[in-house]
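J.: In this note's numbering, the protein residues as written are 26 to 293.
1) Quick check: the Cα distance between residue 65 and residue 233, rounded to an integer number of angstroms?
2) Taking residue 150 and residue 251 to be in contact with their CB atoms under 8 Å, please state how far apart those CB atoms are, rounded to whole angstroms.
3) Determine, using beta carbons only, whether residue 141 and residue 116 come nearer to each other than 7 Å.
4) Just mark residue 109 as buried or exposed, buried being the case when its beta carbon has 16 or more other beta carbons within 10 Å.
5) When you compare only the Cα positions, how much space is there between residue 284 and residue 169?
6) Just the C-alpha distance for residue 231 and residue 81, rounded to the nearest angstrom, thanks.
7) Could you have a look at residue 220 and say whether DSSP puts it in helix, strand or coil?
8) Using 8 Å as the Cβ pair cut-off and three pairs as the minimum, do the segment 269-279 and the segment 177-189 touch?
9) Taking 6 Å as the limit between beta carbons, can you name the residues of its chain near residue 254, skipping five residues before and five after?
10) Per DSSP, which residues does residue 57 bridge with? Please list them.
11) Who pairs with residue 111 in a beta bridge, going by DSSP?
12) Between the segment 96-107 and the segment 123-140, do three or more beta carbon pairs fall short of 8 Å?
13) Starting from residue 278, trace the alpha helix (DSSP H) both ways and give me its first and last residue.
14) What number of angstroms, rounded off, separates the C-alpha of residue 287 from the C-alpha of residue 281?
15) Go through its chain and collect everything with a Cβ distance to residue 289's Cβ below 8 Å, but skip five positions before and after it.
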């Protein structure tokens, strides 16, 4: 170790890696949320169904997901095969159509019930921005309250650890004002060995909308939710949020459209 590593208050790379190892030693799966924006839709129609290009984008996305599941990811951190736990879409037509096309390429993946919580909406007043103008021209206060609560509920439903360790610990012991964690309790919680097995991984496909995805990313990374509008993502872009057993969260990719050639990339 270098002299800098010994300085008080300085966190070394070795310490970070050690903490990450302890994090992964917690029981439970590593959850991968694949948030996929719907394909291009018809702005002129009342139903806002997919365009012909939007259908093509969805097929290409479905094929990419199928190809991913057929291979094996292997690097210095280990190897594993991607296994999809399920596919869920919002109740909005364009997302349902996109999800159905993607599902046609993944016939063995379980289809979950369409979820109204994943519907498009305004999560909160974005910053920077003119609050008065937004409330006048984009969304009314009553609708903003309804949609913000809906999207926050969706976040809490899907972005969580595989196992709620705090809840399981509370169920094992009675906690009162006199409770003080002992050294044994802390040691047991943080215990980790080099032989700790790699946690199982779970991939959930969520087909929804860009406002929902942007809000999820801000909340998951503990960034100000009001920054959601600073990010943009094209149709059928794939965003991956990774949630480790002890709660550590990382962004694997954002609005990835590497499977689409430039002539098939659209924002609307």
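Where a beta carbon is used, it is the ideal one built from N, C-alpha and C, also for glycine.
T.: Reading off the structure:
1) Going by the C-alpha atoms only, they are around 12 Å apart.
2) Yes, residue 150 and residue 251 are in contact; Cβ-Cβ is about 7 Å, under 8 Å.
3) Yes, they are a contact pair.
4) Residue 109 counts as buried, since at least 16 other C-beta atoms from the protein chains shown sit within 10 angstroms of its C-beta.
5) Residue 284 and residue 169: Cα-Cα distance of roughly 34 Å.
6) Answer to the nearest angstrom: the Cα atoms are 19 Å apart.
7) Caution is warranted here: a pLDDT of 44 is assigned to residue 220, below 50, making its placement in the model unreliable, and no coordinate value can be reported.
8) Result yes; three or more Cβ-Cβ pairs closer than 8 Å.
9) Cβ neighbours of residue 254 beyond the five flanking positions: 151.
10) Residue 57 is bridged by DSSP to 228, 267.
11) The partner list for residue 111 (beta bridge, DSSP) reads 229.
12) No, they do not touch.
13) Note, residue 278: premise wrong, no alpha helix (DSSP H); beta strand (DSSP E) at 274-281.
14) If you draw a straight line from the Cα of residue 287 to the Cα of residue 281, it comes to about 13 Å.
15) Taken in chain order, the residues that qualify are 78, 81, 82, 85.
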